[in-house]
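Residue numbers (our numbering), protein chains in the order written: chain C, 1 to 183; chain X, 1001 to 1207.
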């Protein structure tokens, strides 16, 4: 039986200046793209901002952009990586897959790659992916806190072949390319 | 002759004495007919030419072009046929009808597939030199930057972003052979020749 290839999903939502758009990139363990989807930018009208009020931001992120994106992605990654903790729970709910929020830190590296240390915050860990980078801050939902060792193992394996947060940079560049081609 | 004398006497008495003769109406039927005839000729019919103005002013509406006062002047000055019935345009009320606002945010955020776009986007590697604990020694050269991991055999194009110091490169996604992971080192060479040099080192080689 062939071993299932490790696929990682990277998901981000850009929200600035009354402008929302999202993208999902699924790569193999080397960072080579397998699937890439992005949403059309959404600019809520003044009336929509009034009608939805404080719920607009959550509605746009969770129901509009995430549902459209995740509904369109064909590849099924082993793990979703998001760049904001707010996205973790809705992504997990919509995909029924594990979702982890990953952020860079300025800390000095931990002793060994693959090491994962809990912090004082619930569900937040400091994780050393390889021996030539600063550790990452990983956040998981409470129900996934017990699976952190398994998650860390998958990420350590991927970090051998790629820079873990690099696909987010690529998504940002792809956004720029899309904007240029549409303007 | 008698009548003539009698008439003459009455005229004289009226002229000189101021007397007049009062007689009773001899034929009442004749008198009624005469009254009827008179009535026929002088009958006065009163036809109202306007409705009584009941409302002179209202807070909720303005009566454009028509003074809301007694219409007496107008009746005297104009014929009935000159008065036209005017309608009030109620379009202003129709404009207040309920309109449906279509909330179509979801449709506006349709997801698109863009594999071509992402394939053309370069992969980035930051300089990781300051995380490396021990570096290999190079003769008459020092290491300026280290980019890792990179699959050398899949790289089709690369560029150094001099502003950020990041390495940008493109993989050939269709090339099945991946090969080994490598570090890519940028060296500054002392002495003659090119001042910069790129060196590939397999990741398995301990640095």
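The beta-carbon is built from N, C-alpha and C at its ideal position, and this holds for glycine as well. Everything numeric in this text was worked out from a predicted model, so none of it was measured.
Alpha helix (DSSP H) segments (min. 4 residues) lying fully within the stretch 39 to 109 of chain C: Runs found: 46 to 52, 66 to 72, 85 to 95.
Short CB-CB distance (under 8 Å) between residue 86 of chain C and chain X: Indexing the first chain from 1 puts residue 86 of chain C at position 86. No, no contact with chain X.
Three-pair Cβ contact test at 8 Å for the stretch 1120 to 1131 of chain X versus the stretch 1145 to 1160 of chain X: Touching, yes.
Beta-bridge partners of residue 124 of chain C, as assigned by DSSP: By one-based count along the first chain, residue 124 of chain C stands at place 124. In DSSP, residue 124 of chain C forms a bridge with C:139.
Contacts that residue 1103 of chain X makes with chain C (C-beta to C-beta distance below 8 Å): The sequence position of residue 1103 of chain X within the second chain is 103, counting from 1. Contact annotation for residue 1103 of chain X against chain C: 48, 51 [CB-CB distance below 8 Å, chain order].
Exposure of residue 128 of chain C, with buried meaning 16 or more beta-carbon neighbours within 10 Å: Counting from 1 along the first chain, the entry for residue 128 of chain C is found at position 128. By the neighbour-count rule (16 or more Cβ atoms within 10 Å), residue 128 of chain C is buried.
Check whether residue 1123 of chain X and residue 9 of chain C have beta carbons under 8 Å apart: Translated into positions along the second chain, residue 1123 of chain X becomes position 123. Translated into positions along the first chain, residue 9 of chain C becomes position 9. Not in contact: residue 1123 of chain X and residue 9 of chain C (Cβ atoms no closer than 8 Å).
Inter-residue Cα distance where the pair is residue 1170 of chain X and residue 51 of chain C: The residue labelled residue 1170 of chain X in the question sits at position 170 within the second chain. The residue labelled residue 51 of chain C in the question sits at position 51 within the first chain. When rounded, the distance between both Cα atoms is 45 Å.
Residue 110 of chain C to residue 135 of chain C span [Cα, whole Å]: Walking along the first chain from the start, residue 110 of chain C turns up at place 110. Walking along the first chain from the start, residue 135 of chain C turns up at place 135. Cα to Cα, residue 110 of chain C sits roughly 7 Å from residue 135 of chain C.
Any C-beta of chain X under 8 Å from that of residue 36 of chain C: As a position in the first chain, residue 36 of chain C is number 36, starting the count at 1. It does: the Cβ of residue 36 of chain C has a partner Cβ on chain X nearer than 8 Å.
Contact residues within the stretch 97 to 129 of chain C, judged by C-beta distance below 8 Å to chain X: 109
Which residues DSSP lists as bridging residue 1010 of chain X, in chain order: Position 10 of the second chain, counting from 1, holds the residue named residue 1010 of chain X. According to DSSP, which records beta bridges pairwise, residue 1010 of chain X is partnered with nothing at all.
Three-way DSSP call (helix, strand, coil) for residue 159 of chain C in this model: Locating residue 159 of chain C in the first chain gives position 159, where the first residue counts as 1. Helix at residue 159 of chain C.
DSSP three-state assignment for residue 181 of chain C, whether helix, strand or coil: Counting from one through the first chain, the residue named residue 181 of chain C turns up at place 181. Looking at residue 181 of chain C - three-state DSSP - the assignment turns out to be helix.
According to DSSP, residues forming a beta bridge with residue 1101 of chain X: Along the second chain, one-based indexing puts residue 1101 of chain X at 101. Partner(s): none; residue 1101 of chain X has no beta bridge.
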